[in-house]
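First residue of the sequence shown? That's 144 in the working numbering, and the numbers climb one at a time after it.
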Amino acid sequence: MAKENTPQQPAAATPKMAQQKSTSKKSTPRGNRTQVGGTAVPGAKSTTPKPPPAASNPSQQQAESYNRDMRRRMQHMGTGPYSENQRSSPQEQRKKRIERRKQRLEDERERLRRSSPTGKVTLGRRNLYFVIGVAVLIVVLIVVFVILRSTHIIA
Numbered sequence: 144m145a146k147e148n149t150p151q152q153p154a155a156a157t158p159k160m161a162q163q164k165s166t167s168k169k170s171t172p173r174g175n176r177t178q179v180g181g182t183a184v185p186g187a188k189s190t191t192p193k194p195p196p197a198a199s200n201p202s203q204q205q206a207e208s209y210n211r212d213m214r215r216r217m218q219h220m221g222t223g224p225y226s227e228n229q230r231s232s233p234q235e236q237r238k239k240r241i242e243r244r245k246q247r248l249e250d251e252r253e254r255l256r257r258s259s260p261t262g263k264v265t266l267g268r269r270n271l272y273f274v275i276g277v278a279v280l281i282v283v284l285i286v287v288f289v290i291l292r293s294t295h296i297i298a
């Protein structure tokens, strides 16, 4: 009898391991239990049982369900009598689109203004010395050529 129990235990343990591996990779603090109820407060309207439908006629229930579906579709598409207060004229839509575009462009300009350097450009000490040295070298070369030309050494 002890021999019969030992083979069954590993067989029972393997489906649990397979089940754990097949679920998500994240480890949950509660194991494989699914969370029921969410964050609703006990006694809230969403936690009370749903009352049975008022109409017991199946064809009437089907018609009401169809009406709800069609109303949702029409509201989503922006057509029908259900969306008159939400739908705006094409001119208003165009104005809104232009305003959004202007706002986007203004935001982009503002971002570029903030990211660009301000009017004051500073050079480091080494760069400053290099620029001054190059300017002095150019001035010296110009002076040397003027002197050589005035003494007719260079034609």
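Note that the Cβ used here is the ideal one computed from N, Cα and C, for glycine as well.
Straight-line Cα distance separating residue j from residue i
| i | j | result |
| --- | --- | --- |
| A183 | P192 | 14 Å |
| M217 | G223 | 6 Å |
| A161 | D212 | Low per-residue confidence applies at A161: pLDDT is 47, beneath 50, and the placement is therefore not dependable enough to give any value. |
| K188 | S208 | 22 Å |
| D250 | R256 | 10 Å |
| V277 | S258 | 31 Å |
| P201 | S232 | 41 Å |
| V289 | V279 | 15 Å |
| V287 | R252 | 50 Å |
| A206 | T190 | 27 Å |
| R240 | L248 | 12 Å |
| K238 | R214 | 28 Å |
| H219 | E235 | 19 Å |
| R243 | G221 | 21 Å |
| L291 | V282 | 14 Å |
| Y272 | R254 | 34 Å |
| I297 | R268 | 38 Å |
| P195 | Q203 | 14 Å |
| H295 | N270 | 38 Å |
Residue-level contact to chain B via CB, residue i, 8 Å cutoff
| i | result |
| --- | --- |
| R240 | In summary, chain B is missing from the structure at hand, where a single protein chain is found. |
Cβ-Cβ separation, residue j to residue i (assumed contact under 8 Å), whole Å
| i | j | result |
| --- | --- | --- |
| L266 | V274 | 7 Å |
Problem - 4 or more residues per run - each alpha helix (DSSP H) lying fully within the region 197 to 221 - result: Look at the region 197 to 221 and you find these whole runs of alpha helix (DSSP H), each 4 residues long or longer: 201 to 220.
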